[in-house]
Amino acid sequence: MNVATLRAVFAGQTGPVRDIVSLNAGCALMLSGVVSDISEGIATVRATLDSGAAQKLLDAVIAVSTREAQRMEASS
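Heads up, the sequence shown is in the UniProt record's numbering, so the first residue is 1 and it goes up one at a time.
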């Protein structure tokens with residue numbers, strides 16, 4: 001999966017890629033004890049994608065990473 005594909009899923013694109021992302025993340029939520037079963041995990045992931053929360057978090061991570069990279073570059 002590349003960045004463009006992930007961004008498309010986070011932006012609301014539906015289809016097989018979103019289904020696989022939802023399944024993988026749903027399994028991770030179940031295995032980490034956040035949800036009780038895979039179905040609940042998938043539903044949680046889909047709700048997170050649909051609400052825009054995943055996109056908002058990705059944007060925040062990108063902003064912090066960019067800022068830190070610039071800071072490190074400026075100090076060297």
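All C-beta atoms, glycine included, are put in the ideal place defined by N, C-alpha and C.
Looking only at its own chain, which residues have a Cβ that is under 6 Å from the Cβ of SER36, when we skip the five neighbours before and after it?
For SER36, where only same-chain residues beyond five positions count, there are no Cβ hits under 6 Å.
Nonlocal neighbours in the same chain, by C-beta distance under 8 Å from VAL9, ignoring five residues either side
If you ignore the 5 residues before and after VAL9, its C-beta comes within less than 8 Å of the C-beta of VAL17, ARG18, VAL21 and LEU49, all in its own chain and listed in chain order.
Given a cut-off of 8 Å, decide if GLY12 and ILE26 are closer than it, judged by their beta-carbon atoms.
Note on residue identity: the sequence assigns Gly, not Ile, to residue 26. For GLY26 and GLY12, no; Cβs fall outside 8 Å.
May I ask you to report which of helix, strand or coil DSSP gives GLN70?
GLN70: helix per DSSP, three-state reduction.
For LEU29 versus THR44, is the C-beta spacing smaller than 8 Å?
Their beta carbons are under 8 Å apart, which means LEU29 touches THR44 by this criterion.
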